[in-house]
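A short worksheet on the structure shown next.
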Amino acid sequence: MSKVKGLFRRGRKWWLRHTPVRGGKQVRVPLNTESEDVAAVMALQMMQEAPLQQAGDFAGEVVAYVKEARERETLSGTFAPTRRCMLEAFARDMSVSRVEDVTTKLVADWMVVLRRPKNQDGRGCKPETIRSYVYHLRAFYRWLMKKHKLRVNPAAGIELGKPVRTWRKDFVVTATVRKLIAEAPDDDLRFILFCGMQEGFRKLEIVEAVPAWFRLGTGPRRGCIVIGQTETFKPKDRDERTIPLTTEFEQFLRRYLAALPADARWVLRPEKRHRKHRYRYDFRKPFADYMKAQGVKCTAHDMRRSFVSNKLIENGALLPKLAKWTGDDVKTMMDHYAHLLADDDDIDAGL
């Protein structure tokens, strides 16, 4: 049996260190046994019998949960609103007003509701979407249990089975990338394409990019990009990463950055400020309109996939460098971003 948090040995006997009431005084209780297994069972029973804190209504607890998660950085500013909306949707769909009213059966009933067609296309939520919703609900109720407001996690009783992972495989080949950049209708969109397709930026990184990230080269020395923390942005893996500038992008940046206002906080559309939307500036519509006009199937996230896939196709030996440039480990990068051409002649190698 794994050791229970708060168990410690004093001499040959086991003791439990815990706080019976949240915000109260910590106590140390002798368990009067030399067996760790017996002590663990006694400790769990003792903590289960501790008095619970008064829980607020469902909506209020969701607000408190998301607020604490943001403060502790267990939820990013990008995903916190999504998590809150999902929990509020559960309460709305199932007419829940108190956290105590949620049962395992109610969660299972909600999964049935999610599967029902909501649109004219006759499709409900995808199985993996429903799975993620249940995971989010479990996390919320784990938090309530840690706050000593509930003893049981109703979402933990849902059997989800083994997940079937499907990765998006859409990417834009190098020749089309060049065409898209060359024919972009304005420099803002061209900057977006350079960042995503030639440097592997995530969408949020493009929007939050600041002038200080772009360090232009001097003389024969190539410039680079250093993606790091700013007042409004933290890297996904919490670490800075450095990416060399492509020659074409660096030439573009010399005039693009020079045209920015002297006090510009951001590179792309610096006049836009953070409001309620998850993005300071959302380029989704002009990006989608341009892709449609060009007859190209590509989302903002497909740009990063295009960057990795094209580099891998051109030179597989770049794999370790690509992991550094993208800020992902090799497995994550290969699973999510690296895809090959279906008509690759290398299949004949060695035959």
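If you read the sequence shown in this note's numbering, its first letter stands for residue 76, the second for the next number, and so on.
Cβ coordinates follow ideal geometry from the N, Cα and C atoms, glycine included.
In this structure, the alpha-carbon of Tyr216 lies about 12 Å from that of Thr179. Taking all protein chains shown into account, Gly271 has 16 or more neighbouring C-beta atoms within 10 Å of its C-beta and is therefore buried.
Take Pro156, set aside five residues on each side of it, and the residues of its chain with a beta-carbon closer than 7 Å to its own are Arg353, in chain order. Here Gln273 has Thr321 and Phe324 as same chain residues with Cβ atoms under 6 Å from its own Cβ, once five neighbours each way along the sequence are excluded. His411 sits in a helix when the DSSP states are folded into three classes. According to DSSP, residue pairing for Val79 in a beta bridge does not occur.
Tyr208 and Met161 do touch by the CB rule: their CB atoms are close to 6 Å apart, below 8 Å. For the set Pro395, Ala231, Ile233 and Trp400, the Cα lying nearest the Cα of Thr317 is the one of Trp400. Per the coordinates, the alpha-carbon of Leu387 lies some 11 Å from the alpha-carbon of Ala398. Under the three-state reduction of DSSP, Asp132 is assigned to strand. Within the DSSP secondary-structure output, His93 pairs in a beta bridge with Val102.
With a threshold of 16 other beta carbon atoms within 10 Å, Ala334 falls short and is exposed. Judged by DSSP secondary structure, Thr322 falls within the alpha helix (DSSP H) whose first and last residues are Thr322 to Ala333. Straight-line measurement puts the Cα of Leu91 at about 31 Å from the Cα of Arg145. By DSSP's assignment, Pro319 forms a beta bridge with Cys299.
Annotated as proximal: Leu264 and Tyr365, with beta-carbon spacing under 8 Å.
Leaving aside the five residues that flank Ala230 on each side, the residues in its chain whose CB is nearer than 7 Å to its CB run, in chain order, Val182, Val209, Leu212, Arg213 and Tyr216. Restricted to the segment 247-280, the alpha helix (DSSP H) segments that are unbroken, complete and at least 4 residues in length are 249-257 and 262-268, listed in chain order. Judged by DSSP in its simplified three-state form, Arg217 adopts helix. Looking at Cys200, Val188, Leu343 and Asn385, the one whose alpha-carbon comes closest to that of Arg253 is Asn385.
Ranking Ile300, Arg190 and Thr94 by CA distance to the CA of Phe269 puts Ile300 first. For Arg85, the pairing in a beta bridge is given by DSSP as Lys88. If you check the CB distance, Leu106 and Lys224 do not come in under 8 Å.
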